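J.: When we follow this note's numbering, the leftmost residue of the sequence shown carries the number 10, and every step to the right adds one.
Take this structure, written in structure tokens, and hold onto it; I'll ask about it next.
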Amino acid sequence: MDSAELWRQAAKDIYWYQSPATLLDSSSPPFYRWFPDGVTNACYNALDIHVAQGSGEQVALIYDSPVTNTKKQYTYTQLLSEVAQFAGVLKAQGVSKGDRVLIYMPMVPEAVIAMLASARLGAIHSVVFGGFASNELATRIDDATPRVIVAASCGVEPLRVVPYKPLLDQAIELATYKPERCIVLQRSMQLGDMTSGRDLDWADAMAASESANCVPVNANDPLYILYTSGTTGQPKGVVRDTGGSIVALKWSMKAIYNVSPGDVYWAASDVGWVVGHSYIVYGPLFAGCTTVLYEGKPVGTPDPGAYWRVIADYQVNVMFTAPTAFRAIKKEDPQGTLLAQYDRSSLRALFLAGERCDPHTLAWAQMKLQVPVIDHWWQTETGWPICSNCLGIEQLPIVPGSPARAVPGYDVQVLDAKGGSVESGDIGALVIKNPLPPGTFTTLWNAPERFVSAYFKKFPGYYETGDAGYINEDGYVFVMARTDDVINVAGHRLSTGAMEEVLSDNEDVAECAVIGVSDSMKGQVPLGLLVLNSGVTQDPQAIVARVIEQMRDRIGPVAAFRQCAVVPRLPKTRSGKILRGTMRSIADGEHWNMPATVDDPEIFDEIAVTLKALGYPA
Ligand code: COA
Ligand code: AMP
């Protein structure tokens, strides 16, 4: 089936107030618009439709929180009632179609309720991951200019309670734009101080609210903005539209994951990331599945058997997480002895994404779970998988190291630096021929020029993924590395450029570089190198300790920035470009060639000594 027919058919499977007569508006590339005259609502397709079709008593959401010792379930009817009620709260605060609602919450059902309630009103939500600090939150507040912020008083990590409310207050203080209203979910582990006149208590507001109905929106109206790391400190506000998201995500649940209504689907991620948006919240609910919201970790909550316990407790059929989670489990329970304590007979497949899946982890997971382990490749920008073994279409042989072939709807190609095609097996830039399928990003919030220049300019007619790799003769794609300053730390996407901005804001720092070095558990971790201003007399170790603290304050603990050293100078090309790639190769113990454009080759010996002192190569 060709792509046009595929999406025409898939669009028939969702609820439209007005069915689209036009499939695709290609009049202004690369701003393609799918289903431009369709009218729909994402919340209706996630909840109301299932209740209307008689599945109201089926469980929609399971909340399992080992960190707070809480378990709770919502049927579709119950979830709809909570969402409609919270939509009423937002409406009473003046939120209407097109307004932004920023959500800063941990993995609690209220985060899902707030997302769906925004969608119910046609408002645009923007969820900010809880591991980001005030400064990052402030940047997003200024860019999204939300009418309302919905936050929790705290998050709960295995060893500490993270007070979100003071971070929110500080972010609002830092931001130029001041939201009129904050709605705060008070969690008993740590209550937040309320700012009178601005802050509303979630429970009080819900008690006083009247439920609100779905607002029909145009298919191309934004469903959400999700900020992701780019090459600079200014994050990219990925905008996803409503109609395309419903069509593509619902289609993907069957075609890729092979789940049907009533199946239990668990994405062990976070609502603050794209995986959480697509496969904790929207995808499973559009498809009428039961979704699991797990507020815990793969290890330490309480042990490396936590994932197996969740699978057994809820009879999970399909699971999705990042390879790093399995590496963490494997490290603590290499033999997988805890597996024997749990019934995993319900599990049909495990999907992995977020970073390159090393063949060793894939083999371990497959051997221990005895189900197909599917590596699939995607990005915040695409919102759903680009390459995957599509279990609902035809299961292909699993080739370790490859997320298999392009998913129908994506035309993936490899181009050389000049935009020419390469032979199969040759590495180049991984690109996707325009147009991207429905459900992918439609623009960057407030930055349509950046949308074009960052993704569509280098290779005219193609979307540049920012990943490098190759395609073999069987059409299997191999994703090898990023071509930009983005690194993947424990499945979290972070910008080394943003980290360098934090370092260079330090008065003692003349120059700096942050590189992503290999880590056996997290995949990559950042490592900073500093050149100090001449005349600085302070102990270099004290400066290093200070910048590590600054990184935690400015970007957040999720940056996992713990390694940094002072060096006399950084290796550069004659034109002044810092040779980060070569330093990364030295740190990772890979073969590297002396760049021809370096004046003083001895500089690499100095760098190698510094890296060795930090434990690299590992
Ligand atoms: N709110 C506040 N802080 C958070 C947070 C949140 N939502 N999520 C993480 N953090 C903090 C952690 O507490 C930790 O702080 P610390 O430096 O004080 O210890 C720091 O951010 C780093 O967290 P994390 O990257 O999660 O590392 P970890 O060592 O705590 O755990 C793993 C490592 C592999 C167990 C963990 O990253 C994991 O479960 N990953 C699963 C993969 C995943 O969810 N990927 C998302 C895309 S699919
Ligand atoms: P994010 O936008 O956070 O989902 O991160 C997207 C990036 O993660 C991609 O551009 C890749 O660099 C990396 N990535 C995601 N999935 C895979 C995968 N299956 N194999 C290799 N890299 C991946």
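The beta carbon of each residue, even a glycine, is placed where N, CA and C say it ideally should be.
Since this is a predicted model, take the numbers as computed values, not measurements.
By how many angstroms is the C-alpha of residue 282 removed from the C-alpha of residue 197?
T.: In the sequence shown, the residue the question calls residue 197 occupies position 188. In the sequence shown, the residue the question calls residue 282 occupies position 273. Roughly 25 Å separates the two Cα atoms.
J.: So, at 6 Å on beta carbons, what are the nonlocal neighbours of residue 532 in its own chain, with the 5 sequence-adjacent residues on each side left out?
T.: By 1-based counting over the sequence shown, the position of residue 532 is 523. Closer than 6 Å at the Cβ level, and outside the excluded window around residue 532, lie 333, 364 and 497.
J.: Check whether the Cβ of residue 621 sits closer than 7 Å to any heavy atom of the ligand COA, and report yes or no.
T.: To locate residue 621, count along the sequence shown from 1; it is residue 612. Result no, Cβ not under 7 Å from the ligand COA.
J.: Would you check if the distance between the CB atom of residue 589 and the CB atom of residue 522 is smaller than 8 Å?
T.: Position 580 of the sequence shown holds residue 589. Position 513 of the sequence shown holds residue 522. Closer than 8 Å, so yes.
J.: Taking DSSP as the reference, what is the three-state secondary structure of residue 229?
T.: Within the sequence shown, the letter at position 220 stands for residue 229. In this structure, residue 229 counts as coil in the three-state DSSP scheme.
J.: Mind checking who residue 77 pairs with in its DSSP beta bridge?
T.: By 1-based counting over the sequence shown, the position of residue 77 is 68. Answer is none; residue 77 lacks a bridge partner.
J.: Residue 549 CB to nearest chain D CB: under 8 Å?
T.: Absent from the structure: chain D. Only one protein chain is present.
J.: Alpha carbon to alpha carbon, how far is residue 338 from residue 361?
T.: Numbered from its first residue, the sequence shown carries residue 338 at position 329. Numbered from its first residue, the sequence shown carries residue 361 at position 352. Each residue's Cα considered, the two are about 14 Å apart.
J.: Roughly how many angstroms separate the alpha carbons of residue 461 and residue 242, rounded to a whole number?
T.: One-based indexing of the sequence shown puts residue 461 at position 452. One-based indexing of the sequence shown puts residue 242 at position 233. Using only the alpha carbons, I get a separation of about 19 Å.
J.: Looking at the strands, I want to know which residues DSSP matches up with residue 199.
T.: Reading the sequence shown from its first residue, position 190 is the one you call residue 199. Note: residue 199 sits in a beta bridge opposite 196.
J.: Ignoring anything shorter than 4 residues, give me the alpha helix (DSSP H) runs that lie fully in the region 267-293, in order along the chain.
T.: Fully enclosed alpha helix (DSSP H) runs of 4 or longer: not present.
J.: Could you check where the alpha helix (DSSP H) with residue 146 kicks off and where it finishes?
T.: The count along the sequence shown starts at 1 and reaches residue 146 at position 137. 143-153 is the extent of the alpha helix (DSSP H) around residue 146.
J.: Could you tell me whether the Cβ atoms of residue 49 and residue 296 are closer together than 8 Å?
T.: Here residue 49 refers to the residue found at position 40 when the sequence shown is read from its first residue. Here residue 296 refers to the residue found at position 287 when the sequence shown is read from its first residue. No, they are not a contact pair.
J.: State the CB to CB distance for the pair residue 35 and residue 444, rounded to an integer number of angstroms; the pair is presumed to be in contact (CB under 8 Å).
T.: As a first step, residue 35 must be located in the sequence shown, where it is residue number 26. As a first step, residue 444 must be located in the sequence shown, where it is residue number 435. Yes, residue 35 and residue 444 are in contact; Cβ-Cβ is about 6 Å, under 8 Å.
J.: For the ligand AMP, any of its heavy atoms closer than 7 Å to the Cβ of residue 488?
T.: As a working mapping, residue 488 is identified with position 479 in the sequence shown. For the ligand AMP, at least one heavy atom lies less than 7 Å from the Cβ of residue 488.
J.: Comparing alpha-carbon positions, which option in 574, 541, 536 and 503 lies nearest residue 145?
T.: Here the question's residue 145 lines up with position 136 in the sequence shown. Among 574, 541, 536 and 503, the Cα nearest to that of residue 145 is on 503.
J.: Please state if the CB of residue 254 and the CB of residue 448 are separated by a distance shorter than 8 Å.
T.: What you label residue 448 is simply residue 439 of the sequence shown in a count that begins at 1. What you label residue 254 is simply residue 245 of the sequence shown in a count that begins at 1. In terms of Cβ geometry, residue 448 and residue 254 form a close pair [threshold 8 Å].
J.: In the DSSP output, which residue or residues are listed as bridge partners for residue 260?
T.: On the sequence shown, residue 260 is found 251 positions in, with the first residue counted as 1. For residue 260, which the question treats as bridged, DSSP gives no partner whatsoever.
J.: From this set, 453, 601 and 26, which residue's C-alpha is nearest residue 389's C-alpha?
T.: Residue mapping note: residue 389 aligns to position 380 of the sequence shown, counting from 1. Taking only the C-alpha atoms, the option nearest residue 389 is 453.
J.: Can you find at least 3 beta carbon pairs, one from the region 161-179 and one from the region 189-203, that sit closer than 8 Å?
T.: yes
J.: Please go through the same chain and pick out, in chain order, the residues whose beta-carbon is closer than 8 Å to the beta-carbon of residue 109, but skip the five residues on each side of it.
T.: Here residue 109 refers to the residue found at position 100 when the sequence shown is read from its first residue. Counting only Cβ-Cβ distances below 8 Å, and skipping sequence neighbours, we find 132, 133, 134, 135, 153, 154, 155, 156 and 234.
J.: Going by Cα to Cα distance, which pick from 585, 499 and 621 is closest to residue 594?
T.: Within the sequence shown, numbered from 1, the residue matching residue 594 stands at position 585. The option with the nearest alpha carbon to residue 594 is 621.
J.: Looking at the unbroken beta strand (DSSP E) that takes in residue 533, where does it start and where does it end?
T.: Here residue 533 refers to the residue found at position 524 of the sequence shown. 532-541 is the span of the beta strand (DSSP E), which, as asked, contains residue 533.
J.: Between the Cα of residue 77 and the Cα atoms of 436, 551, 311 and 190, which residue gives the shortest distance?
T.: Numbered from its first residue, the sequence shown carries residue 77 at position 68. That would be 311, whose Cα lies nearest to the Cα of residue 77.
J.: What does the alpha-carbon distance come out to for the pair residue 555 and residue 619?
T.: If you number the sequence shown from 1, residue 555 lands on position 546. If you number the sequence shown from 1, residue 619 lands on position 610. Between residue 555 and residue 619, the C-alpha separation is close to 19 Å.
J.: Go through its chain and collect everything with a Cβ distance to residue 485's Cβ below 8 Å, but skip five positions before and after it.
T.: On the sequence shown, residue 485 is found 476 positions in, with the first residue counted as 1. So the qualifying residues of the chain are 408, 411, 413 and 414.
J.: How many Å lie between residue 94 and residue 548 at the Cα?
T.: Locating residue 94 in the sequence shown gives position 85, counting from the first residue. Locating residue 548 in the sequence shown gives position 539, counting from the first residue. Near 57 Å, if we compare the C-alpha coordinates of residue 548 and residue 94.
J.: Exposed or buried, which one is residue 369 when buried takes at least 16 other CB atoms within 10 Å?
T.: For the purposes of this step, residue 369 is identified with residue 360 of the sequence shown, where counting begins at 1. It is exposed - the Cβ of residue 369 has fewer than 16 other Cβ atoms within 10 Å.
J.: Considering only residues of the same chain and omitting the five flanking positions on each side of residue 431, which have a CB-CB separation below 6 Å?
T.: In the sequence shown, counting from the first residue as 1, residue 431 sits at position 422. Contacts found: 423, 425 and 437.
J.: Consider the C-beta atom of residue 22 and the heavy atoms of the ligand COA; say whether any pair is separated by less than 7 Å.
T.: Position 13 of the sequence shown, counted from the first residue, corresponds to residue 22. Answer for residue 22: no, Cβ out of range of the ligand COA.
J.: Is residue 333 a contact residue of the ligand AMP, with contact defined as CB to any heavy atom under 7 Å?
T.: Translated into the one-based positions of the sequence shown, residue 333 becomes position 324. No, Cβ of residue 333 sits at least 7 Å from all heavy atoms of the ligand AMP.
J.: Can you find a heavy atom of the ligand COA that lies under 7 Å from the Cβ of residue 304?
T.: Working through the sequence shown from its first residue, we reach residue 304 at position 295. The answer is no for residue 304.
J.: Please classify residue 100 as buried or exposed, where buried requires at least 16 neighbouring CB atoms within 10 angstroms.
T.: As a first step, residue 100 must be located in the sequence shown, where it is residue number 91. Per the 10 Å Cβ criterion, buried.
J.: Using 8 Å as the threshold, is the region 394-401 in touch with the region 261-276, meaning 3 or more CB pairs across them?
T.: yes
J.: Could you pull out every unbroken alpha helix (DSSP H) segment of at least 4 residues lying fully inside the region 571-607, listed in chain order?
T.: 589-596
J.: Could you tell me the distance, in whole angstroms, from the CA atom of residue 516 to the CA atom of residue 347?
T.: By one-based count along the sequence shown, residue 516 stands at place 507. By one-based count along the sequence shown, residue 347 stands at place 338. So the two alpha carbons sit approximately 51 Å from each other.
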